[in-house]
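Colleague:
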Amino acid sequence: MDDDDGRDIVAPAAMPMTSPTSSSVAERYRLLLELSPDSIAVHQAGEIVYVNSAAVRFARVDSPEALIGRPISDFVHPDSLPRMLERITGMGDEAGASTVPEEMLMTNFSGETRTMEVTSVRTVWNDAPAYQVIMRDVAAQKAAEIALRHQAALVDHVSDAVISLDSELRIRSWNEGARRLYGVTPAAAVGLPFPVVVDADVDPQSIVATGGSMDAVHHRGDSGRPILVHLSVTALGDGYLLVGAATRRPLIERLGTIVTSLHQAVVVVEEDGRIALANPAALTILGLTAAQVPGAALDSVHLDFPDDATSPIVSCLRTGRPVVDRLASLTTDAGRRWLSCSVRAIDDDVDVQAALVSIVDITDRHERTSQLAWEANHDFLTGLLNRGGVLRRLAVQLDALSEPDDRVAVFYLDLDNFKLVNDSLGHAAGDEVLQEIARRLDGITPAGSSIGRIGGDEFVIVSPLSSDYADTIERQSRRVHDAVSGPISLGSRSERLTISIGVVVAALGDSRSPTDLLRDADIALYQAKMESSSQTPYVRFRVAHREDLQRRQRIEQNLRSAMLADATGLRLDYQPLVTTTDHRLVAVEALLRWDHPDLGRISPAEFIPIAEMTDLIGLVGDFVVRTATREFTEQSWTGDITLCVNVSRRELTDRSLLSRLNRALVATGLAAERLCVEITESAIGVNDSRATSTVAAVRELGIQVAIDDFGTGASSLNQLYRLPISILKTAKPFVDALDESVEAQAILSSIVAMAHATGMRVVAEGVETSSQAVKVAGVGCDFAQGYYYATPRSLADIEPLARRGATTTGRTADPSSPSPGFRDDPEAGTD
Numbered sequence: 001m002d003d004d005d006g007r008d009i010v011a012p013a014a015m016p017m018t019s020p021t022s023s024s025v026a027e028r029y030r031l032l033l034e035l036s037p038d039s040i041a042v043h044q045a046g047e048i049v050y051v052n053s054a055a056v057r058f059a060r061v062d063s064p065e066a067l068i069g070r071p072i073s074d075f076v077h078p079d080s081l082p083r084m085l086e087r088i089t090g091m092g093d094e095a096g097a098s099t100v101p102e103e104m105l106m107t108n109f110s111g112e113t114r115t116m117e118v119t120s121v122r123t124v125w126n127d128a129p130a131y132q133v134i135m136r137d138v139a140a141q142k143a144a145e146i147a148l149r150h151q152a153a154l155v156d157h158v159s160d161a162v163i164s165l166d167s168e169l170r171i172r173s174w175n176e177g178a179r180r181l182y183g184v185t186p187a188a189a190v191g192l193p194f195p196v197v198v199d200a201d202v203d204p205q206s207i208v209a210t211g212g213s214m215d216a217v218h219h220r221g222d223s224g225r226p227i228l229v230h231l232s233v234t235a236l237g238d239g240y241l242l243v244g245a246a247t248r249r250p251l252i253e254r255l256g257t258i259v260t261s262l263h264q265a266v267v268v269v270e271e272d273g274r275i276a277l278a279n280p281a282a283l284t285i286l287g288l289t290a291a292q293v294p295g296a297a298l299d300s301v302h303l304d305f306p307d308d309a310t311s312p313i314v315s316c317l318r319t320g321r322p323v324v325d326r327l328a329s330l331t332t333d334a335g336r337r338w339l340s341c342s343v344r345a346i347d348d349d350v351d352v353q354a355a356l357v358s359i360v361d362i363t364d365r366h367e368r369t370s371q372l373a374w375e376a377n378h379d380f381l382t383g384l385l386n387r388g389g390v391l392r393r394l395a396v397q398l399d400a401l402s403e404p405d406d407r408v409a410v411f412y413l414d415l416d417n418f419k420l421v422n423d424s425l426g427h428a429a430g431d432e433v434l435q436e437i438a439r440r441l442d443g444i445t446p447a448g449s450s451i452g453r454i455g456g457d458e459f460v461i462v463s464p465l466s467s468d469y470a471d472t473i474e475r476q477s478r479r480v481h482d483a484v485s486g487p488i489s490l491g492s493r494s495e496r497l498t499i500s501i502g503v504v505v506a507a508l509g510d511s512r513s514p515t516d517l518l519r520d521a522d523i524a525l526y527q528a529k530m531e532s533s534s535q536t537p538y539v540r541f542r543v544a545h546r547e548d549l550q551r552r553q554r555i556e557q558n559l560r561s562a563m564l565a566d567a568t569g570l571r572l573d574y575q576p577l578v579t580t581t582d583h584r585l586v587a588v589e590a591l592l593r594w595d596h597p598d599l600g601r602i603s604p605a606e607f608i609p610i611a612e613m614t615d616l617i618g619l620v621g622d623f624v625v626r627t628a629t630r631e632f633t634e635q636s637w638t639g640d641i642t643l644c645v646n647v648s649r650r651e652l653t654d655r656s657l658l659s660r661l662n663r664a665l666v667a668t669g670l671a672a673e674r675l676c677v678e679i680t681e682s683a684i685g686v687n688d689s690r691a692t693s694t695v696a697a698v699r700e701l702g703i704q705v706a707i708d709d710f711g712t713g714a715s716s717l718n719q720l721y722r723l724p725i726s727i728l729k730t731a732k733p734f735v736d737a738l739d740e741s742v743e744a745q746a747i748l749s750s751i752v753a754m755a756h757a758t759g760m761r762v763v764a765e766g767v768e769t770s771s772q773a774v775k776v777a778g779v780g781c782d783f784a785q786g787y788y789y790a791t792p793r794s795l796a797d798i799e800p801l802a803r804r805g806a807t808t809t810g811r812t813a814d815p816s817s818p819s820p821g822f823r824d825d826p827e828a829g830t831d
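To convert, note that position 634 of the sequence shown is 634 in UniProt numbering; the numbers rise steadily by one, no gaps.
#1: Determine the burial state of L330: buried for a count of at least 16 other Cβ atoms within 10 Å of its Cβ, exposed for fewer.
#2: Check for me: the alpha helix (DSSP H) holding T680 runs from which residue to which?
#3: Which same chain residues end up closer than 8 Å to F822 when comparing Cβ atoms and leaving out the 5 residues on each side of it in sequence?
#4: Evaluate E495 with the Cβ neighbour count: other Cβ atoms within 10 Å of its Cβ, from every protein chain shown; 16 or more gives buried, anything less gives exposed.
#5: May I have the straight-line CA-CA distance separating R546 from T614, to the nearest angstrom?
#6: Quick one: grab the DSSP three-state call for M613.
#7: So, at 7 Å on beta carbons, what are the nonlocal neighbours of V504 in its own chain, with the 5 sequence-adjacent residues on each side left out?
#8: Tell me which same chain residues have a C-beta within less than 6 Å of the C-beta of S477, skipping the five on either side of it?
#9: Any idea if Q772 is buried or exposed, counting beta-carbon neighbours within 10 angstroms, 16 or more meaning buried?
#10: Which of the three DSSP states, helix, strand or coil, is assigned to F541?
#11: State yes or no: is the C-beta of residue 832 within less than 9 Å of the C-beta of D708?
#12: Going by beta-carbon coordinates alone, are T580 and A744 separated by less than 9 Å?
#13: CB R571 to CB V578, shorter than 9 Å?
#14: Between which residues of its own chain and T808 is the CB-CB distance below 6 Å, once the five residues before and five after are set aside?
#15: What are the boundary residues of the alpha helix (DSSP H) that E743 is part of?
#16: Starting from R337 and walking both ways along the beta strand (DSSP E), at which residues does that stretch end?
#17: Please confirm whether N662 and A590 have their CB atoms less than 9 Å apart.
#18: In the DSSP assignment, what are the bridge partners of Q205?
#19: Among A41, P78 and T694, which residue has its Cα nearest to the Cα of E651?
#20: What do you reckon, are the CB atoms on A438 and F459 nearer than 9 Å?
#21: Please state whether DSSP places I68 in a helix, a strand or coil.
#22: When you compare the CB positions of I275 and G295, do they come within less than 9 Å of one another, or not?
#23: What's the call for E65, buried or exposed, on a 16-neighbour Cβ count within 10 Å?
#24: What residue range is occupied by the uninterrupted beta strand (DSSP E) comprising T668?
#25: May I ask which residues mark the beginning and end of the beta strand (DSSP E) holding S463?
#26: Give the single residue among E47, D79 and E86 whose Cα lies nearest to the Cα of G69.
#27: Can you name the start and end residues of the beta strand (DSSP E) that V357 belongs to?
#28: Rank R172, L181 and A605 by C-alpha distance to the C-alpha of A187 and give the top, closest one.
#29: Output the boundary residues of the alpha helix (DSSP H) element that contains C316.
#30: On the premise that T363 lies in contact with R337, defined as a C-beta separation below 8 Å, what is that separation, rounded to the nearest angstrom?
#31: Give the range of the alpha helix (DSSP H) segment to which D522 is assigned.
#32: Alpha carbon to alpha carbon, how far is F305 from D482? Give it in angstroms, no decimals.
#33: Please determine if the segment 33-43 and the segment 123-139 are in contact, where contact requires at least 3 C-beta pairs separated by less than 8 Å.
#34: If you compare alpha carbons, which of V588, F194, D739 and F109 is closest to I798?
#35: Would you report the Cα separation of D548 and Y412, rounded to the nearest angstrom?
#36: For C781, which residues does DSSP report across the bridge?
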């Protein structure tokens with residue numbers, strides 16, 4: 001056979017030259033071999049009789065003639081030649097016999113050695129036996145496979161749909177972009193006719209003939225929604241390559257011309273999470289440059305939605321439902337910014353695969369709102385929770401109770417006598433003390449607990465408890481006491497405070513609300529203050545405490561009403577003070593009494609502490625001073641004795657005390673030296689400058705000052721030495737112990753000696769027997785007071801004693817029997 005240029009056509013041995021095959025068939029077969037990427041050679045009797053173009057390229061020669069006639073062994077590497085001969089001799093003589101593909105080392109004219117996958121086939125060449133050798137370049141094949149994989153990966157990562165069709169328009173490949181565009185997975189698409197998948201007539205050949213691209217309406221496979229697609233088609237071998245994209249870009253471009261001029265930040269986000277459009281305001285907020293858009297991934301700007309598990313932008317792209325005013329935060333170089341985001345899907349009759357996001361910077365508003373929310377739940381001075389915050393945390397703790405052993409404890413804390421610090425050192429120092437106490441309490445509060453300041457010097461700790469809650473309460477209370485009691489440095493001086501604690505415990509099923517529990521803890525705190533001498537570090541709430549409080553509240557209400565109604569029901573009794581030598585009357589002490597029309601006689605031990613814990617103590621104190629000085633001066637026989645009135649610790653810090661005392665003296669004409677103010681030893685703290693200055697001011701008025709209940713407080717002898725004290729009244733326990741202990745007599749004698757050495761006179765309080773009367777006189781006490789001499793009574797009843805110069809008992813009484821008035825007085829032991 002001859003080809004068009006007159007050369008002989010070399011036909012492969014697989015098609016014998018003697019066969020009657022038509023020239024057209026031979027031509028197609030020759031072309032098939034020539035176009036094969038594999039190297040093919042035919043050798044007969046060991047010499048090459050035919051090679052295809054791939055073999056010529058492998059051999060590094062210019063034409064087939066350079067190979068024809070050469071031994072085939074010239075192109076087999078010596079290491080592979082034995083195996084080659086073994087394969088040929090072992091394949092058999094029948095036509096069509098072949099060897100399995102096996103890797104061999106082959107060599108070309110340039111001396112280059114390659115690993116080839118070699119297959120030998122028994123054939124016929126010019127009616128004689130021959131061998132056809134097919135050689136596939138393994139390295140080139142692997143490189144091609146890698147290239148194909150890279151191309152496939154690249155195709156999967158482009159945003160456009162890339163689809164390969166065979167000649168019958170069946171889908172051979174379907175990338176990720178096609179899945180996004182049509183809503184059909186590759187597994188579901190491959191093998192199906194493309195027109196069926198997109199539900200549209202598609203003629204790729206016509207598209208190629210008319211320019212290779214067109215816009216067409218296709219339909220999504222998942223929803224059936226029509227989409228406008230720009231389709232580019234390229235003929236490829238026995239099929240077509242299609243590249244498709246939704247024609248949304250014109251709409252986004254039109255949006256760009258609109259939103260660019262807006263002051264509000266606007267971005268368009270596509271389904272793949274990339275920003276397609278951002279106006280200048282959005283670029284500024286998001287920290288992007290114009291060069292980064294379109295194409296920047298939304299994730300790269302780290303927009304966080306703290307109230308949402310899923311980004312509302314992603315949610316809108318997925319569902320098409322709009323989202324309005326969703327809070328977002330963004331960390332920038334200038335700090336954290338707070339944004340309000342609204343998202344709406346773009347519906348352009350193509351597909352809902354883009355979202356329009358409007359962004360408003362609300363940082364200032366959010367911070368103001370956050371600050372207000374913080375202030376609504378926190379105390380500004382200490383940063384701890386306030387009352388509302390404590391109640392809300394307590395509600396959360398109560399809701400968390402799930403097991404029978406679960407408990408929640410509320411510790412209600414109050415600093416003892418903090419007002420003295422505030423009044424003596426000023427509010428700035430008081431604030432500093434509160435802040436330090438807050439830090440200490442916060443430092444010892446267990447994990448999982450909440451701590452708050454709910455009043456001036458009141459704190460609350462809410463703690464979950466385990467099954468051994470009683471021990472836990474004890475340990476926590478002692479830790480609180482230890483933390484608070486340490487010295488607090490205030491400039492050049494330091495203060496020490498103590499604390500009272502009330503505790504209430506709630507278990508699963510407790511019907512009390514957080515407010516109820518706080519109230520009960522407060523009641524327990526009040527009881528703790530009343531039991532300040534107790535050895536336990538706290539008082540745990542009992543129902544009886546609530547009943548006691550209700551009575552105290554009723555007493556307080558009635559006392560307030562009485563003070564506003566000219567002290568109705570209130571009156572004064574007086575108890576004489578006599579000399580220990582001849583029992584001569586030298587003074588009377590005014591003692592307040594309250595006869596209530598409904599509650600009966602209320603003991604001073606019950607209502608005076610209530611008055612001291614409220615603003616009533618000033619009114620009560622004023623009533624006592626005014627009434628006592630008036631009644632005292634109205635009696636003609638009182639001209640040579642002294643009037644004693646009691647002043648509470650709170651009154652010592654009251655600026656109006658001096659004016660009240662002075663007004664009473666002026667109104668009654670009582671000489672200042674005939675008035676004695678009695679204060680308890682505990683009322684004068686070691687560092688209480690306000691109280692000590694008040695005492696000094698009282699003394700400057702000419703009024704005498706007596707320390708009452710000496711020996712039960714905490715004042716130092718050095719302080720007593722510096723104070724202008726004129727009288728020392730020993731505590732009743734010293735006198736009680738005289739009949740039982742020789743040591744008590746020695747202690748009392750030492751007190752008397754110390755007082756006399758500093759110019760003070762001594763009053764022995766609580767003398768009830770003649771034996772005690774003899775002993776207080778024996779140790780040198782100047783004066784005495786007690787039921788042995790006289791019980792408290794009206795001034796009119798004391799007048800006879802003054803006229804006789806002595807009481808009805810004393811010098812002639814039986815030493816072993818108490819005063820008659822001791823048993824008759826219904827309030828014996830309360831004064």
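The C-beta atom is built at its ideal place from N, Cα and C for all residues, glycine as well. All of these numbers come straight from a predicted model, not from anything done at the bench.
Modeller: Result, derived from the coordinates:
#1: Numbered from its first residue, the sequence shown carries residue 330 at position 330. With a threshold of 16 other beta carbon atoms within 10 Å, L330 meets it and is buried.
#2: Counting from 1 along the sequence shown, the entry for residue 680 is found at position 680. Taken as a continuous stretch (DSSP letters only), T680 belongs to no alpha helix (DSSP H), being part of the beta strand (DSSP E) at L675 to T680.
#3: For the purposes of this step, residue 822 is taken as the residue at position 822 of the sequence shown. Summary for F822: the model assigns pLDDT 23, below 50, so the residue's position carries little reliability, and this model does not support an answer.
#4: For the purposes of this step, residue 495 is taken as the residue at position 495 of the sequence shown. Buried, since its Cβ has 16 or more Cβ neighbours within 10 Å.
#5: Here residue 546 refers to the residue found at position 546 of the sequence shown. Here residue 614 refers to the residue found at position 614 of the sequence shown. Taking C-alpha positions only, R546 is separated from T614 by approximately 18 Å.
#6: In the sequence shown, the residue the question calls residue 613 occupies position 613. Looking at M613 - three-state DSSP - the assignment turns out to be coil, as it is neither helix nor strand.
#7: Position 504 of the sequence shown, counted from the start, is the residue given in the question as residue 504. Contacts found: V410, L517, D520, A521, A524 and F541.
#8: Against the sequence shown, residue 477 aligns to sequence position 477. So the qualifying residues of the chain are I501, P537 and Y538.
#9: Taking the sequence shown and counting its residues from 1, the one referred to as residue 772 is at position 772. Buried is the call here.
#10: Residue numbering aside, residue 541 sits at position 541 when the sequence shown is read from its first letter. Assigned with DSSP and collapsed to three states, F541 falls in coil, not helix or strand.
#11: Past the edges of the chain, shown from 1 to 831, lies residue 832, and the structure says nothing about it.
#12: Here residue 580 corresponds to residue number 580 of the sequence shown, with the count starting at 1. Here residue 744 corresponds to residue number 744 of the sequence shown, with the count starting at 1. No, the Cβ-Cβ distance between T580 and A744 is not below 9 Å.
#13: Position 571 of the sequence shown, counted from the start, is the residue given in the question as residue 571. Position 578 of the sequence shown, counted from the start, is the residue given in the question as residue 578. Result no, Cβ atoms of R571 and V578 do not sit closer than 9 Å.
#14: The residue given as residue 808 occupies position 808 in the sequence shown. For T808, the predicted structure reports a pLDDT of 41, less than 50, and the residue's modelled location is therefore unreliable. A value from the coordinates is still provided. Correct list: empty, nothing qualifies.
#15: Counting from 1 along the sequence shown, the entry for residue 743 is found at position 743. Here the alpha helix (DSSP H) through E743 covers V742 to A757.
#16: Walking along the sequence shown from the start, residue 337 turns up at place 337. Its beta strand (DSSP E) spans residues G335 to A345.
#17: Mapped onto the sequence shown, residue 662 falls at position 662. Mapped onto the sequence shown, residue 590 falls at position 590. Against a cut-off of 9 Å, the Cβ pair of A590 and N662 comes out as no contact.
#18: Here residue 205 is taken as the residue at index 205 of the sequence shown, counted from 1. Beta-bridge pairing links Q205 to no other residue.
#19: Position 651 of the sequence shown, counting from 1, holds the residue named residue 651. Looking from the CA of E651, the closest CA among A41, P78 and T694 belongs to T694.
#20: Numbered from its first residue, the sequence shown carries residue 438 at position 438. Numbered from its first residue, the sequence shown carries residue 459 at position 459. If you check the CB distance, A438 and F459 come in under 9 Å.
#21: Start at 1 with the first residue of the sequence shown, and residue 68 comes out as number 68. Looking at I68 - three-state DSSP - the assignment turns out to be coil, as it is neither helix nor strand.
#22: Within the sequence shown, numbered from 1, the residue matching residue 275 stands at position 275. Within the sequence shown, numbered from 1, the residue matching residue 295 stands at position 295. Yes, these two residues count as a Cβ contact at 9 Å.
#23: The count along the sequence shown starts at 1 and reaches residue 65 at position 65. Under this definition E65 is an exposed residue.
#24: On the sequence shown, residue 668 is found 668 positions in, with the first residue counted as 1. Run containing T668: none in the beta strand (DSSP E); it sits in the alpha helix (DSSP H), L657 to T668.
#25: Position 463 of the sequence shown, counting from 1, holds the residue named residue 463. Per DSSP, S463 is one residue of the beta strand (DSSP E) stretching across E458 to L465.
#26: Within the sequence shown, numbered from 1, the residue matching residue 69 stands at position 69. For the residues E47, D79 and E86, the minimum Cα distance to G69 belongs to E47.
#27: In the sequence shown, the residue the question calls residue 357 occupies position 357. Segment A354 to D361, the beta strand (DSSP E) holding V357.
#28: Along the sequence shown, read from residue 1 onward, the residue named residue 187 stands at position 187. Among R172, L181 and A605, the Cα nearest to that of A187 is on R172.
#29: Taking the sequence shown and counting its residues from 1, the one referred to as residue 316 is at position 316. Here the alpha helix (DSSP H) through C316 covers P312 to T319.
#30: On the sequence shown, residue 337 is found 337 positions in, with the first residue counted as 1. On the sequence shown, residue 363 is found 363 positions in, with the first residue counted as 1. Yes, they are in contact, since the Cβ atoms of R337 and T363 sit about 5 Å apart, within 8 Å.
#31: Working through the sequence shown from its first residue, we reach residue 522 at position 522. Looking at the DSSP string, the run of the alpha helix (DSSP H) that includes D522 is P514 to M530.
#32: As a position in the sequence shown, residue 482 is number 482, starting the count at 1. As a position in the sequence shown, residue 305 is number 305, starting the count at 1. Computed Cα separation, rounded: 45 Å.
#33: Counting Cβ pairs under 8 Å, three or more are found: they touch.
#34: Start at 1 with the first residue of the sequence shown, and residue 798 comes out as number 798. The residue with the shortest Cα to Cα distance from I798 is V588.
#35: On the sequence shown, position 548 is the one that residue 548 refers to. On the sequence shown, position 412 is the one that residue 412 refers to. Straight-line Cα distance between these residues: approximately 18 Å.
#36: In the sequence shown, the residue the question calls residue 781 occupies position 781. Beta-bridge partners of C781 (DSSP): none assigned.
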